[in-house]
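Residue numbers (the UniProt record's numbering): 1 to 925.
A virtual CB, placed ideally from N, CA and C, is assigned to each residue, including glycine.
Please read all numbers here as calculations on a predicted model, not as lab measurements.
Read through the structure below, which is laid out as structure tokens, and then see the notes.
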């Protein structure tokens, strides 16, 4: 074990068991998987994605680029950082060799989201963030404080002194005061994206890692959607490595991370330690690790290491060698020696841990997310925020202030506490890499991307760091270039012989750390993601044996099979019964929009291709909606209810789209119109009663209603009552038969449905489903928008020139009808297809081809004339038929074309779309 007595904040009074790569180990509450592995002497975690090189633990938190694991229990989760996985009893994980695996069963846990508005949002609970939150709270502001670690304090180790007392005591006091002032303080919460107008997305981990506790009692993760008047970014800084040969071996780690493992977890990651540094901060790690019992040697690239730190190091037995560069390492599953070059020549130093510190990179990601400018700071050897953004302030180490005293000044108010004595910082030497084989000098450890890869990118002519990133994949792994991004810019600048300040850095984009899709989805999964909608008659349909299909979000009966019937047999029976007597459909899912207001007619005239303002009260008109491009968007009927009120119907799947589209025009283009739109789809249940005996059924149920042709003509509607319940009936036909659509408040749907069935029983009334509805409408050539159209079809293509008004000055899509392409005779047009053998049902989606005169196909690629849009067996026609879109189809009526079906060319004749009762006598009778 590598635990050191007297160090760490884990609960050593409790022991947790876990399994890694099939072996059992123990740890303590407060450990991460990484710290527990190091405590057990495990450095090798997995392998790199491209080259399969051994990988270990290279950092202590989200900047780690190598320690990816697959968690198997409590729930499979791939590609997690061992450094951020909090240890729980019974955890089972393994190292990742390239990629992980997704779970094959649904995650039982709950994921949530929460919306919050606040005056000030502070991101980061290090000293600067704590004081910023405290200052705002004392000023009476509503404050939210976020931090991604389990406890507040940021990178404080506990060795620091603030206001004459241990730093962690100071942190506890500030946290307690924030609680008294009502600050919402969220630890384990990572702000992963900042957007315009003070909007921040943050992920809260609400259980220890994945959590074995009952998921029904508590959500596993929660996405916070925060809107703040002011955002204070206090995200600190991350240590930067230096590139050298074989710098990816297990046992190579950032210096500050080794210090963190010691003071946070009580883990001494090595006993024979070499520290390679260009920065003062590594000396603090060297001194502390030596004090914990390690033998430490510091190799400083600078000729004159800081005297105060050198003195402290010597006092605890640390050897300091200036003007020294690490050039490589030896070892397989763990470093065993460090190769270095001094002013006197090369040396080999035995070591089981190599710590690296090349300086610090301010964590500017969130500032960059909102297009904050970054500028290179030579004193840091990195990029820091430049200029200002409205409502955004960056403080502390995130702003480039790396000494504790300066951080406290930036975060605090007039009563800023003082930091304890610490050596003055000397500027870090900016060193991106040392000499060595560029093929073995790794810039992005996770991507196996090397200095040689950067050289190839530059050699290929790439000059933008954004292009180089994509060529090499540097910065595209789970860590998003936290340690490799600035290195890549620095080395690329050297290769191009330009200044890094001129080359710049890549643009940081959300998310800052990986976020599970489950967390982003929240509770919007399964039926909550795409809710299942059912009509008030759903239980009746189920008891009647209906086979359902999904139409939009709705469950609709597709057909009602009797014993021994398949779909084809059931549909043929339903079609024959409806055309010969009477059938009834549950059409409640059709979209219904109530349009009210003095300018209702004006709005509809602007949206529909035909006139609606001239429609008389009590009458119905069919209408088509087109997009700006003139292509059919949706269709349906319009009932004029009163002078300033209309009821529109839409397709089932298009209801929400049409309402949203209408609202967009009304609110953004014509806000002066006095119109209100309301969806009433679920308020009205609708039952088309269809067939030659439908008038008798309606007349029997609604005895007070005159259903004669003269009193109740086609395309009109009438209001009546049944036992005091209001009912609206419309003479509308989507089948070509005499038909009535019965509308009633959905509360009374089942009762009215059963009354209609009872009245029609003597006529053999037959409930039918959507498949029969499709056959009946197709026999009449009525298109289904979205099935017979594909977003490239105009009303003219459908043979509906009559529905496009020539009287109106303008409507949505009108100008597009004048485009030459929209009048091209070779456009695909709506026609029917009759297979000449009278037996073959053409598969929907099949392509239509034309043979040469000799009966052979043209050479590939074979020109396609069009495709089959709808295809059915017809009881009325006693044969299969299809509808299709065919180039110049109406001019080709009577011609023979061919459809490839299962390797055979099936001949079919192009015909008119109306195949049953073309005169409309049945519908109008």
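Per DSSP, the bridge partner or partners of residue i
{"i": "residue 533", "result": "554"}
{"i": "residue 719", "result": "728"}
{"i": "residue 900", "result": "905"}
{"i": "residue 55", "result": "46"}
Residue i in three-state terms, based on DSSP
{"i": "residue 15", "result": "coil"}
{"i": "residue 377", "result": "strand"}
{"i": "residue 212", "result": "With a pLDDT of only 45 at residue 212, under the threshold of 50, the placement of this residue in the model should not be trusted; the figure read from the coordinates follows. If DSSP states are grouped into helix, strand and coil, residue 212 belongs with coil."}
{"i": "residue 480", "result": "coil"}
{"i": "residue 217", "result": "Note that residue 217 has pLDDT 49, beneath the 50 cutoff, so the model's placement of it is unreliable and the number below is only indicative. Residue 217 falls in the coil class under three-state DSSP."}
{"i": "residue 807", "result": "coil"}
{"i": "residue 639", "result": "strand"}
{"i": "residue 785", "result": "coil"}
{"i": "residue 679", "result": "strand"}
{"i": "residue 50", "result": "coil"}
{"i": "residue 391", "result": "coil"}
{"i": "residue 662", "result": "helix"}
{"i": "residue 330", "result": "strand"}
{"i": "residue 822", "result": "helix"}
{"i": "residue 588", "result": "coil"}
{"i": "residue 544", "result": "coil"}
{"i": "residue 115", "result": "strand"}
{"i": "residue 263", "result": "helix"}
Rounded straight-line distance, which links the Cα of residue j to that of residue i
{"i": "residue 538", "j": "residue 788", "result": "28 Å"}
{"i": "residue 841", "j": "residue 834", "result": "9 Å"}
{"i": "residue 620", "j": "residue 532", "result": "31 Å"}
{"i": "residue 385", "j": "residue 595", "result": "52 Å"}
{"i": "residue 11", "j": "residue 166", "result": "20 Å"}
{"i": "residue 438", "j": "residue 446", "result": "17 Å"}
{"i": "residue 606", "j": "residue 829", "result": "26 Å"}
{"i": "residue 762", "j": "residue 561", "result": "21 Å"}
{"i": "residue 641", "j": "residue 883", "result": "35 Å"}
{"i": "residue 723", "j": "residue 757", "result": "17 Å"}
{"i": "residue 223", "j": "residue 201", "result": "7 Å"}
{"i": "residue 793", "j": "residue 518", "result": "38 Å"}
{"i": "residue 554", "j": "residue 589", "result": "7 Å"}
{"i": "residue 17", "j": "residue 521", "result": "32 Å"}
{"i": "residue 216", "j": "residue 73", "result": "Confidence at residue 216 is low in this model, with a pLDDT of 46, below 50, so its placement is unreliable and no value can be given for it."}
{"i": "residue 657", "j": "residue 603", "result": "17 Å"}
{"i": "residue 211", "j": "residue 89", "result": "In this prediction, residue 211 has a pLDDT of 46, which is less than 50 and means its spatial position is unreliable; nothing more can be read from the coordinates."}
{"i": "residue 204", "j": "residue 493", "result": "38 Å"}
{"i": "residue 164", "j": "residue 157", "result": "16 Å"}
{"i": "residue 888", "j": "residue 578", "result": "34 Å"}
Enclosing alpha helix (DSSP H) for residue i [first to last residue]
{"i": "residue 500", "result": "500 to 503"}
{"i": "residue 631", "result": "Counting along the chain, residue 631 falls outside any alpha helix (DSSP H), and DSSP gives it neither H nor E."}
{"i": "residue 491", "result": "485 to 496"}
{"i": "residue 35", "result": "33 to 39"}
{"i": "residue 774", "result": "770 to 779"}
Distance CB(residue i)-CB(residue j) smaller than 8 Å
{"i": "residue 93", "j": "residue 38", "result": "no"}
{"i": "residue 275", "j": "residue 398", "result": "no"}
{"i": "residue 147", "j": "residue 124", "result": "yes"}
{"i": "residue 630", "j": "residue 824", "result": "no"}
{"i": "residue 174", "j": "residue 134", "result": "yes"}
{"i": "residue 473", "j": "residue 449", "result": "yes"}
{"i": "residue 813", "j": "residue 626", "result": "yes"}
{"i": "residue 454", "j": "residue 405", "result": "no"}
{"i": "residue 862", "j": "residue 845", "result": "no"}
{"i": "residue 392", "j": "residue 624", "result": "no"}
{"i": "residue 737", "j": "residue 690", "result": "yes"}
{"i": "residue 338", "j": "residue 329", "result": "yes"}
Continuous beta strand (DSSP E) stretch holding residue i: start and end
{"i": "residue 345", "result": "345 to 350"}
{"i": "residue 869", "result": "866 to 874"}
{"i": "residue 650", "result": "645 to 650"}
{"i": "residue 308", "result": "Where residue 308 is concerned, there is no enclosing beta strand (DSSP E), although the alpha helix (DSSP H) it sits in stretches over 307 to 315."}
{"i": "residue 469", "result": "Unbroken run through residue 469 is the alpha helix (DSSP H), 465 to 472; no beta strand (DSSP E)."}
{"i": "residue 273", "result": "272 to 277"}
Cβ-heavy atom distance, residue i to the ligand GTP, below 7 Å
{"i": "residue 673", "result": "Annotation note on the ligand GTP: not contained in the displayed structure, which lists no ligands."}
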